[in-house]
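In full-length UniProt numbering, the protein residues as written are 1 to 352.
Glycine included, C-beta positions come from ideal geometry on N, C-alpha and C.
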């Protein structure tokens, strides 16, 4: 009974927050705005005001994105605080998906300064400590002199062992690629593992939503590895993350090497995208598929039994969709993209 009461309270809070999701008309007004600043004004007074506030202070879209993510991930942390250890571990696994993005940015700042000496002017990272899944001082990380030093600072997190393992590859190959991939794959595998510890009824509901997320992330990773130059199927052994609902390892191997097969698969999963198959490249089609996943998966999660962790999944997916759309929109405006291109990039459904 106590658990039901807690979930009822959580569900009510989450639904209240979700009532403030970006409306299509608001997004359309941002697209029509003549400047980044005018578009930004549309976020004032919304659940995404932290993005607007950070941009006003720093004038940096990457810092604004980080501020926005931090606010919403902190809210998820607060929501899960009073639940069972199994639920808290699952919530932490969701948060790790986002924290890995922050960590990779900090690693790039460090790498371009200490190792490659490449221009990193486009990279920005919030200063000081930040708590998403773990408490991390990003200033200290970026000021480190070696990956061993970074791993030492992260010794209370699962990231330390991953960094130690891949440090030799990073220094030998002069690229963070293998380390970043390992962090991403850890986050995805951890999400699956922690979901398997949920109560049986919640496991089923969560897998029905997040299983497709894992399917798509497997494809995104596989296609990326192929584009990076991997051609030998043996290089993919052990790289397939379990937990999906519609993608076998055999089918995965087929579609990452065959664009036509991948397009056919995406159109089967998301019939609303069938008309896009012949119009856009695979990379764009995958972006559309991810947008459909966040919206349809999040909405479907809201229709599940409300007294469970599925409502947290709904919040995570729907907020992630809005964040991605905001970032895509403002990056596009910063690069001077026209209205038609911007509308296509963020999969807007409003009629002009």
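| Query | Result |
| --- | --- |
| Integer-rounded CB distance, given that residue 90 should sit under 8 Å from residue 68 | With 8 Å as the limit, residue 68 and residue 90 do not qualify as a contact, their Cβ atoms being about 23 Å apart. |
| Short Cβ contact (8 Å threshold) for residue 255 with residue 188 | no |
| Inside the stretch 145-229 only - alpha helix (DSSP H) runs reaching at least 4 residues | 147-153, 159-173, 177-195, 200-227 |
| Three-state secondary structure (DSSP) of residue 28 | helix |
| Cβ contact check for the stretch 83-97 and the stretch 193-201: 3 or more pairs under 8 Å | yes |
| For residue 327, the three-state DSSP class (helix, strand or coil) | helix |
| Buried versus exposed, by CB contacts within 10 Å (16 or more), residue 351 | Per-residue confidence for residue 351 stands at a pLDDT of 42, beneath the threshold of 50, marking its modelled position as unreliable; no derived number is given. |
| Candidates 20, 305, 107: closest to residue 203 by CA position | 305 |
| Where the beta strand (DSSP E) through residue 135 begins and ends | 135-137 |
| 8 Å Cβ cutoff met for residue 130 and residue 142 | no |
| Cutoff 8 Å; reference residue 257; Cβ partners in own chain excluding five residues on either side | 226 |
| Selected residue, minimal CA-CA separation from residue 248, among 19, 287, 161, 212 | 212 |
| Contact check, residue 298 vs residue 318, beta carbons under 8 Å | yes |
| CA nearest to the CA of residue 237, picked from 228, 246, 252 | 252 |
| Those residues which DSSP pairs with residue 129 across a bridge | 137 |
| Of the residues 132, 109, 207, the one placed nearest residue 176, counting alpha carbons only | 109 |
| Other residues of its chain near residue 1: CB distance less than 7 Å, five sequence neighbours each side excluded | In this prediction, residue 1 has a pLDDT of 48, which is less than 50 and means its spatial position is unreliable; nothing more can be read from the coordinates. |
| Outcome for residue 44 when other beta-carbon atoms lying within 10 angstroms are tallied against a minimum of 16 | exposed |
| Within 8 Å, strictly: CB atoms of residue 79 and residue 312 | yes |
| For residue 231, the first and last residue of its enclosing alpha helix (DSSP H) | Neither: residue 231 is in no alpha helix (DSSP H) and is coded neither H nor E. |
| Simplified DSSP assignment, three categories, for residue 236 | helix |
| Sufficient close CB pairs (3 or more, under 8 Å) joining the stretch 27-45 to the stretch 276-293 | no |
| Status (buried if at least 16 other CB within 10 Å, exposed otherwise) for residue 10 | buried |
| Within the stretch 254-334, ranges of the alpha helix (DSSP H) (whole runs, at least 4 residues) | 259-269, 282-302, 310-334 |
| Which listed residue (39, 15, 13, 16) has its alpha carbon closest to that of residue 25 | 39 |
| Assigned secondary structure, residue 69 (DSSP; H/G/I helix, E/B strand, else coil) | helix |
| 6 Å CB neighbourhood of residue 185 in its chain, flanking five on each side removed | none |
| Check whether residue 133 and residue 162 have beta carbons under 8 Å apart | no |
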